[in-house]
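Report on one structure; see the data block that follows.
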Amino acid sequence: MRIPAARVYPIIAVLFAGLALAQTVRADAPPPAASRPFLRVVVIDHSPPFSDRNADGLLVGFNIDFGRELCRSLGVVCSFDAAPFKQIIDDVAAGRYDIGFGNVLRTPDREQRLLFSIPYWRSSSSLVGRRGMPELSLEEAIRSRRIAAIRGSRQHAALLRLAEADPALHANVISVSTLEDLWEAMRDGQSDMAIGPTLNVVHFLLSDSGDGFETIGTPLSEDGLGGTVHIVFPPGRNELKASVDRALTALRNDGTYQRINRIYFPFDIY
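Throughout the sequence shown, residue numbering follows mature numbering (1 follows the signal peptide of the UniProt record, and there is no 0), covering -22 to -1, 1 to 248 in sequence.
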């Protein structure tokens, strides 16, 4: 059966229009994953709300969500892994990862080993204890209270510096391994107080586990207890650092950063 020419031409026009639309969609879509650069990203292990694992074992948190948006902005494919804080610094410095979201503060020693992005949030430290405890400075607290801190953290280092003047105070420094151990030390009576990064403390206080606890005094930022937080890179990766800095600025300017911030924090952490 022959189809009249008057019906053939419209059909051909529709087919060509569909082909042109398909080509336009493909041109606007991101290139296939196989053709994009690949970057290895590491985040700090068990540090909610920045990074943790859900019931299915998948990494979740602020650093994961923001890291994915950063990779999308860079046009790269990223794999995400988690490691303890000190291992992040060692592994990134050795080039085993391309990007480290380890909540790293900039120090002269670390600048010898790593490249740093522009800041992407600000950190401080907070004392936390049972509700109703008197307001004490850190120096006052260590003289009369047992204080838990994560071993190797900047908060732990501050307690040890205070204890150097009086060796007897070392007994009041309760060293633990993880954030969960920090809260558990207060719950089971190993310590009277704890000191940790303020945003982790806020997350704890907003959780069911934080019921009955509160911050003691105002956040601390002096003597290494706070400062700007940076993404880190292996030495020599200056081009990657520059690209990430541009992407960070763009994600702040288009509101992406603020949108993710609101998911995890009740205030702007930048």
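No residue lacks a Cβ here, since even glycine has one placed at the ideal position from N, Cα and C. If you're wondering where the values come from, they're calculated on a predicted model, not measured in any experiment.
Pick from the options that is closest to residue i, judged by C-alpha positions
i: L198; options: P145, E47 and S103; result: S103
i: P26; options: L160, P213, D87 and L203; result: L160
i: A228; options: R74, R50 and I241; result: R50
i: I152; options: G174, A127 and G167; result: A127
i: A220; options: D34, L48 and I42; result: L48
i: residue 249; options: R165, D43, G202 and L52; result: One cannot answer for residue 249 here, as it falls past the ends of the chain, which runs -22 to 248.
i: R108; options: D23, R132 and I194; result: I194
i: E118; options: R132, S101, L137 and L52; result: L137
i: residue 257; options: C56, G174 and G80; result: An answer regarding residue 257 cannot be provided, because it is not within the stretch -22 to 248 covered by the chain.
i: D87; options: D76, D232, D68 and F79; result: D68
i: D246; options: V154, R100, G35 and L218; result: R100
i: R130; options: F63, V38 and S187; result: Per the sequence presented here, residue 130 reads as Gly, with Arg not at that position. Of F63, V38 and S187, the residue nearest in Cα terms is F63.
i: A163; options: E142, A141, P145 and F191; result: F191
i: Y248; options: L105, A143 and F40; result: F40
i: C56; options: D232, L105 and I77; result: I77
i: D189; options: T176, D144, A149 and R165; result: R165
i: V106; options: A149, S155, T196 and N150; result: T196
i: Y242; options: S185, E200, D201 and E217; result: S185
i: V207; options: D232, L177, Q236 and P145; result: L177
Proximity of residue i and residue j at Cβ, strictly below 8 Å
i: F16; j: V54; result: yes
i: G73; j: P244; result: no
i: I96; j: D223; result: yes
i: V82; j: G45; result: no
i: Y98; j: I209; result: yes
i: R230; j: L93; result: no
i: R132; j: L203; result: yes
i: D34; j: A61; result: no
i: G205; j: R84; result: yes
i: A225; j: L114; result: no
i: V38; j: F79; result: no
i: H134; j: A141; result: no
Per DSSP, cross-strand counterpart(s) of residue i
i: R100; result: T206
i: L83; result: V207
i: R14; result: R14 is not bridged to any residue.
i: G110; result: Per DSSP, none; premise fails for G110.
i: A126; result: I152 and A172
i: L105; result: I173 and I194
i: I77; result: V19
i: L116; result: Answer by DSSP bridge pairing: none, since L116 is not bridged.
i: L93; result: F211
Contiguous beta strand (DSSP E) assignments of at least 3 residues, all confined to the segment 129 to 167: 151 to 154
Pick out the complete alpha helix (DSSP H) segments inside the segment 19 to 72, 4 residues or longer, and give them in chain order. 40 to 52 and 63 to 71
Which complete alpha helix (DSSP H) runs does the segment 169 to 248 hold, if anything under 4 residues is left out? 176 to 184, 216 to 231 and 234 to 242
Is the segment 165 to 182 touching the segment 26 to 46, taking contact as three or more C-beta pairs under 8 Å? yes
Would you call the segment 170 to 177 in contact with the segment 116 to 132, where contact means no fewer than 3 C-beta pairs closer than 8 Å? yes
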